[in-house]
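Structure first, commentary second.
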Amino acid sequence: MHLFFQELLNGLVVGSLYALVALGLALVYGTMQVPNFAHGHLYMLGAYVAFFGVTIAHIHYWPSLLLAVVVLAGVGVILERLVFRPLRDAPEVNAIIAAVGVLFFLQTLAQVLFGGDFRVLPTPYDHVVHFAGLIATQQQLIVIVAAGVLMLALFLFLKRTLIGATIEAVAQNRAGAALVGIDTDRVSMLVFAISAGMAAAAAALIASISLISPSMGFTVIFKAFAIVVLGGMGSIPGAILGAYILALAESFGATYISTSYEDVIAFAVLVLILTVKPTGLFAKGT
Amino acid sequence: MRRALWIVAALIALALPFLVSKSFYLQIAASAYITAIAVYGLNVILGYTGLLSLGHAAFFGIGAYGVALLETRASWPFWPALVAACAASVLLGFLVGIVSLRTRGHYFAIFTAAVGVMISIVLTNWQDLTGGNIGIVNIPPPPAIGPLSFEGDTAKYYLVVAALAFAIALTALVRRSLFGRTLIAIAGNEDLARATGIDVARAKLTAFMLSTFLAGLAGGMFATYIGNLDPGSSGLDITFEQLLYLVIGGLGTIAGPLIGTLVLVGASQLLQGVEQYRFLIFGPLLVVLVIFFPHGITGAFNRLMAARPRSHRRTTATPETEAAVS
Amino acid sequence: MMLLEVCDVSKHFGGLVAVDSVSFGVPAGHIKAIIGPNGAGKSTCFNLISGYYPASSGKLTFAGQDITHLPMHAIARLGIARTFQTTCLFSRQTVLDNAIVGYRMHTRSNLFDALTRSPRERREERESRERAFEALRFAGIERLADRVAGSIPQEAQKRLAIAIAIASQPKLILLDEPVAGVTAEETAAHAELIRTMARTGYTICLVEHKMNMVMGLADSIVVLHHGKKIAEGTPAEVSADPAVLEAYLGVLAHA
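Protein chains in written order, with the working numbering: chain A, 65 to 350; chain B, 516 to 841; chain C, 52 to 306.
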């Protein structure tokens, strides 16, 4: 029983992470119908920027996180402007192919700048906390709380601000939004910035718990897609729900089935769902 | 003009063993040809039919491991092992296709990528069967056919050349045919294709199975040519590389897969020592190509040819059009 | 004899009823027009007949066969061709290639024929080009055969859509707003083309807003409003029908 709750906690930590990443993916897909295959590598880059901040530039932990978010938001905007916008009217596969080019570049860049060895982001929050018979590091609790705060912030932003409303308008009907005077290009850049920024935050938060490597983007992107497909592409609540479900499935699966096949769970979920319902579980409309 | 170029290319390929000093270069060429066979497969599903299969390298792995396991564990000779491995690849393509081709748009890319990664994971983790990360070694070369022995480097090279010629012929025949027109129509406008009575689901499945067949063939050739094998050759990153070769060479063209592979493998060779950085250039290159030159090198060449005075051009009986991805 | 019978057909999209228990028949050799204010459900009817959407209820019969649940390509093969409201072509292919695809359903060559360059493959390739050229000639655009479809003028594109339909040698052709966005002069030419098609033996079903053209062309007209059929009859009958006038004038009054 005790093990069960420990697994639950681990699942929540990882789920919080997945949620931030998947949300970014869902946001971009929802507003621009672009499946950003490079998203996982933006996440990876975020981890490295935070790592750079703390270990090389000797900035403190939280400012380094902020640096990662800001830098990646910028990268997101550049990506939208230079890669995805020109391909807006091209066949869907073109955007995916272009994203592949981007991710190749980012991975090599990370490799060149930081080497291929695994890294860890040092954190000032490595003390262990005991509560209710469970063990957790401060960092793990921070991940859960920080992710929650970010998700809440995003929710409030989308639902309660004017800019958020324009994002939703563009997501629902791009042409219509343009007709009523919304600058859809600006919205696209903003959405990409938010998406990349959130991925960076997630990566920076987890970089102290998990290992950083140039290829970490690959696993994450598929988990993110598994989640977004599970939750219905473009659905924000679906992405959050899907994230925790997947994380918990992995956590329990790893313990009770097998650790080396842990990653397979995400893919198996993806394959299973698309087999049964080719449009995703909670797909909205078409 | 084009036919002349193909003849010259064939002559160079056949004469290569006599033109190079070290067998190392032969090996590079043969490895490139093997990769090109896989890229020809990708061309059928992506270039002709417009569907991005991101699990492509996994089918390469099925072909490779199929041959390797049958030869080393079950003592099969190469030829039946190759047939069986290709059949396995086609069968798996059928099963994956039946499910995945019902999905729309980029779901297909995601789905096939997921399947590909799962296969990769299994190949890496099923130690008892596949040898895990270490893989399989000492895969025997093909047994002699009469007086023709395949033990030497040169003989093996020609075997690969024959396989490549086969792949090119296959895809060229498809491209020129009515079936090819069906695929190109589906890539161009799926709804209209359906409205003109084309059984889109069936055509897509056939194209997909053809693509996995070629990937499996390439894998089988790889296993026997290189002689050893590990899961690294079936990863998602390999699929991405094949995609790069195809886009640079020219999607949907007959020369594209070969040109793209040769150019990039050649470039990687020239970049000796810095080849780990090659994606710093190839990555953005892929992006630029997809945005501005989706027909790659072959497309640029075609456009040059088309700009020549009318008297030099012959009207063709085949879809003169650009590739599926415009 | 009714070539096409639409019996009590409805289509719901969630809570929205796009087509509400519509019934009408199209006799062979007829030109039947479907008209109505915007949003009346006209294109939806075409989508139902051609199998683009499944009907929510009702029955569709073509040449005596129940086609209600058939997939789109099967319905096309039975002899129903259609054009679309917005330009729907293989825009990156040549005009001739487009027409060849139209004829594809009459060729049986498959992958094996392709790989063996079978006699059937070679024969059908030749046949396809011939039929395609015939269709282009019929539609008056044969001199554009080698042009890329996306680069020809709008009016020629509309003709190409018709050529693709003709190439499939259908019994019934559904024309969805064939002269939308076309000049008055070209409209008259298209009307003439449609008349020639009817004379050649094709049965035509037409959705169109340009009243002059419709009145001058159609043998009979079905009027839809809010998804329901409100009138059916000859052009003369329909233009005098009070319900029809109410629907159009009512729309104008509230516009």
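Even for Gly, the Cβ is constructed at its ideal location relative to N, Cα and C.
{"Query": "Chain B contact for C96/C (CB, 7 angstroms cutoff)", "Result": "no"}
{"Query": "For L616/B and A217/A, the rounded distance between their alpha carbons", "Result": "39 angstroms"}
{"Query": "Proximity winner among L185/A, Q175/A, Q203/A, G197/A, relative to H191/A (alpha-carbon distances)", "Result": "Q203/A"}
{"Query": "Proximal chain C residues relative to R709/B, where beta-carbon distance stays under 9 angstroms", "Result": "G102, Y103, P122, M123, H124, A127"}
{"Query": "Test item: CB-CB of E556/B and S726/B under 7 angstroms", "Result": "The question names Glu, but residue 556/B in the sequence shown is Gly. Contact: yes."}
{"Query": "Residue from D247/A, S80/A, F69/A with nearest C-alpha to M262/A", "Result": "S80/A"}
{"Query": "Separation of P657/B from E837/B, as counted between CA atoms", "Result": "The pLDDT assigned to E837/B is 41, lower than 50, so where the model puts this residue is not dependable; a value taken from the coordinates is nonetheless given after this. Going by the C-alpha atoms only, they are around 39 angstroms apart."}
{"Query": "Sequence ranges, alpha helix (DSSP H) only - wholly within the segment 276 to 303 of chain C, length at least 4", "Result": "286 to 291"}
{"Query": "First and last residue of the uninterrupted beta strand (DSSP E) at G562/B", "Result": "Element bounds for G562/B: n/a, residue is neither H nor E."}
{"Query": "Beta carbon proximity, T721/B to chain C, threshold 7 angstroms", "Result": "yes"}
{"Query": "Same chain, Cβ closer than 8 angstroms to W594/B, neighbours up to 5 away in sequence not counted", "Result": "P657, P658"}
{"Query": "Local Cβ density within 10 Å of Q791/B, reported as buried at 16 or more and exposed below that", "Result": "exposed"}
{"Query": "Secondary structure of T727/B, DSSP reduced to three states", "Result": "helix"}
{"Query": "For K280/C and C58/C, the rounded distance between their alpha carbons", "Result": "12 angstroms"}
{"Query": "K261/C, DSSP secondary structure in three states", "Result": "coil"}
{"Query": "Check whether G153/C and I203/C have beta carbons under 7 angstroms apart", "Result": "no"}
{"Query": "As assigned by DSSP and simplified to three states, the class of M53/C", "Result": "strand"}
{"Query": "Contacts of G556/B in chain A (Cβ-Cβ under 7 angstroms)", "Result": "The premise fails here: G556/B is roughly 16 angstroms from chain A at the closest Cβ pair, so nothing lies under 7 angstroms."}
{"Query": "Buried versus exposed, by CB contacts within 10 Å (16 or more), W591/B", "Result": "buried"}
{"Query": "C-beta neighbour in chain A for V802/B, strict 7 angstroms", "Result": "yes"}
{"Query": "Exposure label - G87/C; buried when at least 16 CB within 10 Å", "Result": "buried"}
{"Query": "Min CB distance S692/B to chain C below 7 angstroms", "Result": "yes"}
{"Query": "Own chain, CB closer than 8 angstroms to N460/B, minus 5 neighbours either side, in chain order", "Result": "This structure cannot speak to residue 460/B, because chain B is shown only from 516 to 841."}
{"Query": "Neighbourhood of F574/B by C-beta, 6 angstroms cutoff - its chain only, sequence neighbours within 5 removed", "Result": "S604, T727, A730, G731"}
{"Query": "Spatial neighbours of Y548/B in its chain, beta-carbon cut-off 7 angstroms, leaving aside the 5 residues before and after", "Result": "V675, V676, L679"}
{"Query": "Contact set between D327/A and chain B, taken where Cβ atoms lie within less than 7 angstroms", "Result": "I636"}
{"Query": "I82/C and L268/C closer than 7 angstroms at C-beta", "Result": "yes"}
{"Query": "Bridge partner(s) assigned by DSSP for Q116/C", "Result": "F113/C"}
{"Query": "A241/A vs V141/A beta-carbon contact at 7 angstroms", "Result": "no"}
{"Query": "Best match in I613/B, V611/B, T669/B, I522/B for proximity to F533/B [C-alpha to C-alpha]", "Result": "T669/B"}
{"Query": "Alpha-carbon to alpha-carbon, H122/A and F115/A", "Result": "10 angstroms"}
{"Query": "Stretch pair the segment 118 to 136 of chain C + the segment 677 to 696 of chain B: three plus CB contacts closer than 8 angstroms", "Result": "no"}
{"Query": "I276/A beta carbon less than 7 angstroms from that of A111/A", "Result": "yes"}
{"Query": "K719/B versus T768/B: straight-line alpha-carbon distance, rounded", "Result": "18 angstroms"}
{"Query": "Inter-residue Cα distance where the pair is T686/B and D227/C", "Result": "38 angstroms"}
{"Query": "Cβ-Cβ distance between R198/C and V233/C below 7 angstroms", "Result": "no"}
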